Amino acid sequence: MSSSRRDVLFFGSIAVSIIGHKVHDEVVAVQLEQQNASIKLHATASTPYAKTEEVFGLVSTSPLYEIRSADSKASPAIPFTAQRGASHPRHHHQRAAFLPVVLELAPKAAVEEVPSIADQDGALLQLDSPMNDADPAPSYTSASLRIEVGVSRSGGDATVVGAKEVFLPSLNYLASRDMCTVVRVPVWSDTILKSAVGEVNVAELHRRSSQIQIAGDSSSSSSVVVLGDGRDRNGRGDAVSGVALSVYAMVRVISLAEKVRLVCEADDAVRRLLDLPDPARKVSLALTQRGEAPYGAMPLTELYKHHWHFFGYYSNTIIKHSNVVMQRLAEAPRQREAEASFPHRWNALTVVDLRPTLLGEDAFAPLLVTLAYCPNLRAVYADGNHLGDLTCARLSVLFRRHRYLACISLSKNVIHEAGGAQLLRLVRNNLRITSMPCQGNFFSDEMRSRIEEVARKNASVIAQDPLNVFSSSYDYLTDLSSLPKSLQQQGLRTWAMLSAAPVGDVDVMVRNFTTSTQRTLGDSPVAAMERAKAALRSRESLSLIPPAALAPLLSEVMRTVSVGVSRVLPDPLVRSLFSDMETVVAQEQEQVEAQRRDELAGGIRDASFLPPEVCDAMGGAHTPAVDSENMYARAFVRIVVAALRGVALRTPWAEIAKVLEGIGRVHRDLGVMPEDYWLAVHIFMTSLRISCGAEFYDADHASSFLALLALAVRTAAGTDAVLQ
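The numbering used here puts the sequence shown at residues 28 to 751.
Structural data, given as structure tokens:
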């Protein structure tokens, strides 16, 4: 390997968060509570493999976590999904320490020796089994994570009272499969007493914690909590003598290499094109894992810090840390309910204005990569930031497929002809970009004119889309009086077909990959609808969901919409708004029946991969309840049902509009964009045409129904919603 070349094997974050604790010594726990004591985690990483190095050598600290003896078990009301690969416990997100990590090949190691990622993962397939006792050997992407528990009394300095060394066999493997490791860190009674006077031997803590096992019957079943040496086993959950409490931490590995790899490759291409010298530290990410980071894995400010550390390492300089950037990322609007169910919603940031700030090309790079993770980003204003050709190349690779970015302002920078060519490529690849002011740069007026011309063509294509209900072609739709009575009647014929119950027990609908999993081959829409109706009739209160929302054809069309929208929307809350109600009600009924079966079986339900004492510390494993009423109250299908059903029942449009506007306000708070409605209408009309067939759904009926649907969607989205 060349002395100036750095081959990165992994770049990302190791998130360590406290998920609960279990008190073994009530006396010590009461003393800690009286002293107003809190605990925090300190995490550091190293490499157990001789041919790799960890570059950053950072220490990450989690926020304080209160210790209470009376409620050492978390409230059972806190839901937890224990299955790997599913969403992680929501209550520990805010107590996480995010540790930036870069593993690179050691100078004396050869790139040719590194096995492919597939070969490395093939040797670790046994990790998917929580009952496996084999210790994987260290590999190129292995890491050793040291977790220390510090106790702080009355807000004072923290003293280390517990430690644990965790072996992570492959960061790439754990990140690609979104697997978590649960670690139990024992805190000894005598150590807590010594910490009051500052006499704690950290080395002794590590030695004792590596040997601890829960006392009990050795023949009892066990589950692996920590991978590697010194595993903790559950047994019967009995306490070890001398242990005051056990702190449970969850370790999650997040890979951030994909977008950074694209940036590095774009930089190399521009340098070769312009015959620029190689940087002092040439970094290659060709050996890293492919794949995007999980949506909402950490706060945007933490995401920016990770990239700030990396690009400082990449450029071999100390990048100026901008408080303005942190403020811009932290001030994204939030919705309290959404934050409670999904804390780190990257779609909250829609506009970034950096015109008063002078960042420069190096300092702009970590922010640019961070913004590429924001799916609802609509505009970036970076005028007068001394940005050059490298930034243009990075923009071209990071935002070539961004769905919402409509404006990039780069006036008064230092962009030359090569950078202008990259901007031209960007507006050609991303048809959503309709504005790119770039006056005052160093490329030719001809290049600027070509960029502006392509941006105008993009705007024209969007405006002329017949299914773009926010274009000027639909401006005449202000209320129901905008549509003639004859057109309304034609549209209502289609609605009657959509909302009708099936006649007979014959399934004549088109079956495809969107058919609900609740149905079997011998099942018909009659049975499916009857199950949904039975679930609604079993409620004690009056249901908000009308029978029309559960109609088979409407449910089939909405399932197609849900599948199509889910492919491009990363936010789970926004995706849930486009669900069909038949599936939601069936899931709710299945959950109620499962709970009833558990009660009849004596409340015994072994559905968790975690040891019993871990579930106890967290308050048990609970599945979040499905509330179909709440789902329908803010669902997209309610816009369709409320508008069309209201028109069919001759409800005054003013009353219908109030309902639609209320749904639209909730949608905007949750992050629904006009482009999402545009896509949903596209899929809805296409699915309706395919389901009905051309001979039963002619152009007149389609256009009439589309006019009613467009009026409903435009009313819900608000008068200021524009898509052009």
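For every residue, glycine included, the Cβ atom is placed at its ideal position computed from N, Cα and C. Nothing here was measured: the structure is a model prediction, and the numbers come from that model.
Beta-carbon contacts of residue i that lie in its chain and below 6 Å, excluding the five residues immediately before and after
i: arginine 111; result: Because the pLDDT of arginine 111 is 34, which lies under 50, any placement of that residue in the model is unreliable, and the question is left without a value.
i: alanine 684; result: Thr742
i: leucine 91; result: Ser65 and Lys67
i: aspartate 747; result: none
Helix, strand or coil at residue i [DSSP, three-state]
i: arginine 260; result: Per-residue confidence for arginine 260 stands at a pLDDT of 40, beneath the threshold of 50, marking its modelled position as unreliable; the derived number appears in the next sentence. It is coil, neither helix nor strand.
i: threonine 521; result: helix
i: lysine 135; result: coil
i: valine 611; result: helix
i: leucine 126; result: strand
i: tyrosine 408; result: strand
i: proline 213; result: strand
i: phenylalanine 391; result: helix
i: glutamate 358; result: coil
i: isoleucine 219; result: helix
i: aspartate 598; result: coil
i: cysteine 207; result: strand
i: isoleucine 41; result: strand
i: leucine 310; result: In the sequence on display, residue 310 carries valine and not leucine. Strand, per DSSP.
Contacting residues, own chain, Cβ-Cβ under 7 Å from residue i (five flanking each side not counted)
i: serine 589; result: Phe605, Ser606 and Asp607
i: arginine 452; result: Ser423
i: valine 740; result: Val496, Ile666, Tyr704 and Val708
i: tyrosine 763; result: Nothing about residue 763 can be reported from this structure: the residues present for the chain run from 28 to 751 only.
i: alanine 185; result: Lys67, Gly177, Val178 and Ser179
i: leucine 733; result: Met712
i: serine 222; result: Val178, Thr186 and Val188
i: valine 297; result: Asp416, Leu417, Ala420 and Ala445
Range covered by the alpha helix (DSSP H) that runs through residue i
i: phenylalanine 663; result: 663-675
i: alanine 681; result: 680-697
i: phenylalanine 711; result: 701-719
i: alanine 582; result: A small correction: the amino acid at residue 582 is serine; alanine does not occupy that position in the sequence shown. Residues 579-593.
i: histidine 728; result: 726-744
i: isoleucine 460; result: Counting along the chain, isoleucine 460 falls outside any alpha helix (DSSP H), and DSSP gives it neither H nor E.
Cβ pair residue i, residue j closer than 8 Å
i: tyrosine 331; j: proline 402; result: no
i: alanine 72; j: serine 203; result: no
i: glycine 177; j: serine 216; result: no
i: valine 441; j: isoleucine 478; result: no
i: valine 653; j: glutamine 618; result: yes
i: leucine 132; j: leucine 220; result: no
i: leucine 706; j: valine 592; result: yes
i: leucine 600; j: phenylalanine 369; result: yes
i: glutamate 81; j: threonine 88; result: no
i: arginine 382; j: glycine 411; result: yes
i: serine 44; j: arginine 122; result: yes
i: leucine 395; j: leucine 404; result: no
i: valine 488; j: leucine 458; result: yes
i: glutamate 388; j: leucine 417; result: yes
i: leucine 450; j: leucine 525; result: no
i: arginine 173; j: serine 273; result: no
i: alanine 737; j: leucine 504; result: yes
Residues near residue i in its chain [Cβ-Cβ closer than 8 Å; skip 5 each side]
i: glutamine 147; result: Ser166, Tyr167, Thr168, Ser197, Asn199 and Tyr200
i: serine 40; result: Phe125, Leu126, Pro127, Val128, Val280, Ile281, Leu283, Ala324, Met325, Glu329 and His333
Classification of residue i by the beta-carbon crowding that lies within 10 angstroms, buried from 16 upward
i: alanine 613; result: buried
i: proline 213; result: buried
i: phenylalanine 469; result: exposed
i: valine 86; result: exposed
i: leucine 301; result: exposed
i: proline 701; result: buried
i: glutamine 517; result: buried
i: leucine 596; result: buried
i: glutamine 316; result: buried
i: glycine 189; result: buried
i: glycine 691; result: buried
i: isoleucine 345; result: exposed
i: histidine 48; result: buried
i: serine 714; result: buried
i: threonine 79; result: buried
i: histidine 51; result: buried
i: valine 138; result: exposed
i: glutamine 491; result: exposed
Span of the beta strand (DSSP E), counted from its first residue to its last, around residue i
i: leucine 272; result: 270-282
i: isoleucine 346; result: Segment: none, isoleucine 346 is in no beta strand (DSSP E) and carries neither H nor E.
i: cysteine 434; result: 434-436
i: arginine 180; result: 170-180
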